[in-house]
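Residues in the sequence shown are numbered consecutively from 4, following my numbering.
All residues carry an ideal CB built from backbone N, CA and C; glycine is no exception.
These numbers were taken from a predicted model, which means no experiment stands behind them.
Presented below is the structure to which this report refers.
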Amino acid sequence: MKLMSSPASPFGRKVKMTILMKNLKDKVEILTVDATKGDATLNAANPMGRIPVLVTDDGSAIHDSHVICEYLDHIGTGPALFPRNSDRWDTLTRASLADGIIEAALLKVYEGRYRPENMKVQSWVDRLDAKIDTSLAMLEKAPPMWKDAPDYGHLTLAAALGYLDFRHGGTWRKTYPKLVAWLDTFAKAVPGYEASKPPMA
Ligand SMILES: N[C@@H](CCC(=O)N[C@@H](CS)C(=O)NCC(=O)O)C(=O)O
Numbered sequence: 004m005k006l007m008s009s010p011a012s013p014f015g016r017k018v019k020m021t022i023l024m025k026n027l028k029d030k031v032e033i034l035t036v037d038a039t040k041g042d043a044t045l046n047a048a049n050p051m052g053r054i055p056v057l058v059t060d061d062g063s064a065i066h067d068s069h070v071i072c073e074y075l076d077h078i079g080t081g082p083a084l085f086p087r088n089s090d091r092w093d094t095l096t097r098a099s100l101a102d103g104i105i106e107a108a109l110l111k112v113y114e115g116r117y118r119p120e121n122m123k124v125q126s127w128v129d130r131l132d133a134k135i136d137t138s139l140a141m142l143e144k145a146p147p148m149w150k151d152a153p154d155y156g157h158l159t160l161a162a163a164l165g166y167l168d169f170r171h172g173g174t175w176r177k178t179y180p181k182l183v184a185w186l187d188t189f190a191k192a193v194p195g196y197e198a199s200k201p202p203m204a
């Protein structure tokens, strides 16, 4: 199988952690694709032109990161990342919130990268910041611990916090000490967290 991603992509990082947690390292070749430049192979696999995309051995394309992670959970070994019992809804809701944090953080990056200075809308950036802060404040009250092993909700939250470190200077660390401790615990439990870290610019 081939994974189209990029070292900086937080959604790609979710998939890279999943590959390692499900013992699929030897089964997936990781290709670096620059989604921002309009890559024809990427667009053929995902008309949205977004990474990550997994191309399976029979040539089928699977996206987005949630769907890829669930597919890999299905074919790999090791503890289940997507519970089959009633815990599933907590896991998916936690992942959805963490994906929302990533999306807001990514939109802030795109705001800076693509919008000319004189067209910047501060109220929009403030709104994105508020979404991130409100979510982190809620999580800080009771960081989500796992029973036997971290699941898809936990790894998505780790990818979100890692992206705030990577692109937004880790300023969240000053305000959310329990989440800082939570991320340290996660990184110890999941070696794939360090292994999938984006190179610092
Ligand atoms: N919901 C998607 C989001 C994927 C996404 O936004 N990827 C970014 C890179 S991290 C991308 O490809 N951006 C380029 C674009 O939106 O054109 C997922 O979970 O995979």
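Looking at the secondary structure, which residues open and close the alpha helix (DSSP H) in which Met24 lies?
Taking the sequence shown and counting its residues from 1, one reaches residue 24 at position 21. First-last of the alpha helix (DSSP H) with Met24: 13-24.
Spatially closest choice to Gly165 from Val56, Lys17, Leu23, Thr94, by CA coordinates
As a position in the sequence shown, residue 165 is number 162, starting the count at 1. Comparing C-alpha distances from Gly165 to each of Val56, Lys17, Leu23, Thr94 shows the shortest one belongs to Lys17.
Can you tell me which of the three DSSP states Glu137 falls into?
Here residue 137 refers to the residue found at position 134 of the sequence shown. Note on residue identity: the sequence assigns Thr, not Glu, to residue 137. DSSP places Thr137 in helix when its eight states are reduced to three.
Report the option in Thr39, Ser12, Thr44, Tyr155 whose CA atom is closest to the CA atom of Trp92.
Within the sequence shown, numbered from 1, the residue matching residue 92 stands at position 89. Nearest option by C-alpha distance: Tyr155.
What does DSSP give as the partner residues of Glu32 in its beta bridges?
For this step, residue 32 is matched to residue 29 along the sequence shown. Bridge partners of Glu32: Lys5.
Met4 beta carbon less than 8 Å from that of Leu57
As a position in the sequence shown, residue 57 is number 54, starting the count at 1. As a position in the sequence shown, residue 4 is number 1, starting the count at 1. Yes, these two residues count as a Cβ contact at 8 Å.
Report whether the distance from the Cβ of Pro50 to the nearest heavy atom of ligand 1 is below 7 Å.
Here residue 50 corresponds to residue number 47 of the sequence shown, with the count starting at 1. Flag unset: Cβ of Pro50 not near ligand 1.
Which whole-angstrom value describes the C-beta separation of Pro55 and Ser63, a residue pair presumed to lie in contact below a C-beta threshold of 8 Å?
Start at 1 with the first residue of the sequence shown, and residue 55 comes out as number 52. Start at 1 with the first residue of the sequence shown, and residue 63 comes out as number 60. Separation of the CB atoms of Pro55 and Ser63 is rounded to 15 Å, and the pair is thereby denied contact status at 8 Å.
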